[in-house]
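**Student:** Counting from 78, one number per residue, gives the positions in the sequence shown under our numbering.
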Amino acid sequence: MARDLRGFLKQLEQRGQLRRIKALVNPELEIAEISDRMLQAGGPALLFENVKGSDYPVAVNLLGTVERVCWAMNMEKQQELEALGVKLGKLQSPKPPKKISQAIDFGKILFDVIRAKPGRDLLPPCQQVVIRDEAVDLTQIPMIRPYAGDAGRIVTLGLVITKDCETGTANVGVYRLQLQSSNTMTVHWLSVRGGARHLRKAAERGQKLEVAIALGVDPLIIMAAATPIPVDLSEWLFAGLYGGSGVNLAKCKTVDLEVPADSEFVLEGTITPGEILPDGPFGDHMGYYGGVEDSPLIRFHCITHRRDPIYLTTFSGRPPKEEAMMAIALNRIYTPILRQQVSEIVDFFLPMEALSYKAAIISIDKAYPGQARRAALAFWSALPQFTYTKFVIVVDKSINIRDPRQVVWAITSKVDPSRDVFILPDTPFDTLDFASQKIGLGGRMGIDATTKIPPETEHEWGDALEPDPDVAAMVDRRWAEYGLADLNLGEVKPNLFGYDMQ
């Protein structure tokens, strides 16, 4: 099956996870409302085939369940994602093998890297139709406007590709873009992102920054581009490791950049340093409308696309949204990498309700006093994406961190706030966090919900309540005799978070 958007849509349809909508729909507010209701109910991906004001269909909610995110990454279960994390962790910090078996395993990983090398396509599907200069009309692309308070129509799942003018190294990011006119859009990126760094370097040289936007790509490539794992690999190679084979690239028509050859649309343009326009407000992942911010203006002079292209989109907002489903899957990939960075961590979990990064629950194999605090501090510095985690809750390894009942029990039964809560004030923080008193500065809280050992406490802990093993075994044997076997208790576990707690 083809490794592109169309191949994934075909896979979803074959598995009964795609619904085609033939009724006329409006990209202004209506598509987002329909999609959000479907996502909240755990429903299928949607393909709107009759969109007002456009000749092109719109695909949305493709990654609206963790199961479909796994499918996009050529996997069937969340647990398989941890194996990928192990592989990436070994590439990040390789250690000399001590056994022949370890050498063979590392050799297999290096072979996977070779297989993941990008290929080149001289006759790419993304350039079957070429539109240049005055004929460029971005309004023909069915961009959506998700919320009534949004400033305009947006692109949300475009790969924004730029290049460092000094090193020639490309960066691929997923940034929000706002439609400004028939041939311009503003791009909203944080100053620490690769595209922003490239623009600053271009400005120092008095040059324009070339930009390519790839729309409607293989969802696997989007996952790779949105994952800031600290491995010294390009996003293309990273995507190849995700998918097991290299991504085919094509050279753009008018800028010196490469894009996925099977993209549905490619927009080619430039940013003149200092040319900005107001961007926003828009509904954001925090669950609020963001502010208005002057952002770089991209002027487009070329559009290429496949014949009968499909536009892929999504939108942010209070969870659950597609970005939350992606984060749940990526949590599995981070886990073995985090264990490698902080060896005492047994497991960690980023609850979706906490925006998938604002609160973390980590379990440790506690061996000495003060270890929970050390683990929390190490967590904040382990990976770049944990810089903006506001709360870290540390529990014992016996706690199932994906079960909110167990976590709340650990907090309420093991925490003395005067002893076990510590706060780090005025640390670098997420500018989108409205709870902070100052933009870009905020506090962090660590909570030690582990069992205390001397000298952490002078109070002697009682033994944890556990059923008598002999009585439990006897009840197991006699369960049918009690007339309770038909209840199938335990097959469906209460699940307050709405996804797998295993």
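Ideal Cβ positions, reconstructed from N, Cα and C, are used throughout, including at glycine. Please read all numbers here as calculations on a predicted model, not as lab measurements.
Run through DSSP, which three-state label would G575 get?
**Tutor:** For G575, the predicted structure reports a pLDDT of 46, less than 50, and the residue's modelled location is therefore unreliable. A value from the coordinates is still provided. It is coil, neither helix nor strand.
**Student:** Would P532 be called buried (16 or more neighbouring beta carbons within 10 Å of its own) or exposed?
**Tutor:** With fewer than 16 Cβ atoms within 10 Å of its Cβ, P532 is classed as exposed.
**Student:** If you reduce the DSSP assignment to three classes, tell me which class D113 lands in.
**Tutor:** Helix at D113.
**Student:** Report the partner residues of P386 according to the DSSP bridge assignment.
**Tutor:** Note: P386 sits in no beta bridge, so no partner.
**Student:** Taking its Cβ as the centre, do 16 or more other Cβ atoms sit within 10 Å of R554, making it buried, or is it exposed?
**Tutor:** Answer is exposed; the Cβ neighbour count stays below 16.
**Student:** Classify K99: buried if its beta carbon has 16 or more other beta carbons within 10 angstroms, exposed otherwise.
**Tutor:** So K99 counts as exposed.
**Student:** Would you mind reading off the limits of the beta strand (DSSP E) that contains T304?
**Tutor:** No beta strand (DSSP E) contains T304, which DSSP labels as neither H nor E.
**Student:** Please report the residue range of the alpha helix (DSSP H) in which M403 lies.
**Tutor:** M403 -> alpha helix (DSSP H) spans 399-418.
**Student:** Check whether the segment 109-123 touches the segment 370-377, counting contact only when three or more Cβ pairs, one atom from each stretch, lie closer than 8 Å.
**Tutor:** No, the segment 109-123 does not touch the segment 370-377.
**Student:** Just the Cα atoms here: how many angstroms apart are L267 and Y252?
**Tutor:** Distance between the alpha carbons of L267 and Y252: 9 Å.
**Student:** What span of residues does the alpha helix (DSSP H) with F315 cover, start to end?
**Tutor:** 312-320 is the extent of the alpha helix (DSSP H) around F315.
**Student:** Would you mind giving the Cβ-Cβ distance between M150 and Y319, rounded to the nearest angstrom? I have them listed as a contact below 8 Å.
**Tutor:** Right, the Cβ-Cβ distance comes to about 6 Å (below 8 Å), so this counts as a contact.
**Student:** According to DSSP, is I478 helix, strand or coil?
**Tutor:** The answer is coil: DSSP assigns I478 none of H, G, I, E or B.
**Student:** Exposed or buried, what is A160 when buried is set at 16 or more other beta-carbons lying within 10 Å of its beta-carbon?
**Tutor:** Exposed.
**Student:** To the nearest angstrom, report how far apart L292 and A303 are at their CA atoms.
**Tutor:** Answer to the nearest angstrom: the Cα atoms are 14 Å apart.
**Student:** Does D525 pass the burial test, meaning 16 or more other C-beta atoms within 10 Å, or should it be called exposed?
**Tutor:** So D525 counts as buried.
**Student:** As a quick exercise: from N325, S490, H536, G226, pick the residue whose alpha carbon is nearest that of G360.
**Tutor:** When only C-alpha atoms are compared, the closest one is G226.
**Student:** Closer than 7 Å by C-beta to V472: which residues in its own chain qualify, once you throw out the five before and the five after it? Chain order, please.
**Tutor:** If we look at V472 and ignore the five residues flanking it on each side, its Cβ neighbours are I438, S440, I478, V484, A487, A526, T527.
**Student:** Can the beta-carbon of L460 be found closer than 9 Å to that of I414?
**Tutor:** Cβ distance < 9 Å, so L460 and I414 count as in contact.
**Student:** Along the chain, where does the beta strand (DSSP E) that runs through E335 open and close?
**Tutor:** Unbroken beta strand (DSSP E) run through E335: 335-337.
**Student:** For the beta strand (DSSP E) that E144 lies in, which residues bound it at each end?
**Tutor:** E144 -> not in any beta strand (DSSP E); alpha helix (DSSP H) instead, spanning 143-149.
**Student:** Measuring CB to CB, does L139 end up less than 9 Å from L389?
**Tutor:** Contact: yes.
**Student:** Distance check for A273 and E107, CA to CA, integer angstroms please.
**Tutor:** Computed Cα separation, rounded: 33 Å.
**Student:** Output needed for L594: all residues of its chain with C-beta closer than 6 Å, excluding positions within five of it in sequence on either side, in chain order.
**Tutor:** Since the first and last residues shown for the chain are 78 and 579, residue 594 lies out of range.
**Student:** Evaluate D81 with the Cβ neighbour count: other Cβ atoms within 10 Å of its Cβ, from every protein chain shown; 16 or more gives buried, anything less gives exposed.
**Tutor:** Result: buried.
**Student:** Is the number of C-beta pairs between the segment 492-501 and the segment 418-436 that are closer than 8 Å three or more?
**Tutor:** With a cut-off of 8 Å, the segment 418-436 and the segment 492-501 do not count as touching, because too few Cβ pairs lie within range.
**Student:** Taking the alpha-carbon positions, what's the Y366 to P355 distance?
**Tutor:** Approximately 15 Å between the Cα atoms of the pair.
**Student:** Counting Cβ pairs closer than 8 Å, one from the segment 399-410 and one from the segment 128-148, do we hit at least three?
**Tutor:** Enough Cβ pairs lie closer than 8 Å, so yes.
**Student:** If you measure from the CB of E157, is any heavy atom of the ligand SAM nearer than 8 Å?
**Tutor:** This structure does not include the ligand SAM; it has no bound ligands of any sort.
**Student:** Excluding the 5 residues flanking W556 on each side, which residues of the same chain have their C-beta closer than 7 Å to its C-beta?
**Tutor:** So the qualifying residues of the chain are A562.
**Student:** Helix, strand or coil for T527? Go by DSSP, reduced to three states.
**Tutor:** Coil, per DSSP.
**Student:** Taking the alpha-carbon positions, what's the Y133 to E126 distance?
**Tutor:** One C-alpha to the other measures close to 7 Å.
**Student:** Using the three-state DSSP reduction, which class does M522 fall into: helix, strand or coil?
**Tutor:** Strand, per DSSP.
**Student:** Quick check: what's the CA-CA separation for K529 versus P296?
**Tutor:** Straight-line Cα distance between these residues: approximately 45 Å.
**Student:** Using a Cβ-Cβ cut-off of 8 Å (strictly less than) and excluding sequence neighbours within five positions of V163, which residues of its own chain qualify?
**Tutor:** P413, listed in sequence order.
**Student:** How far does the alpha helix (DSSP H) with H362 in it reach, from first residue to last?
**Tutor:** First-last for H362: undefined, no H or E at that position.
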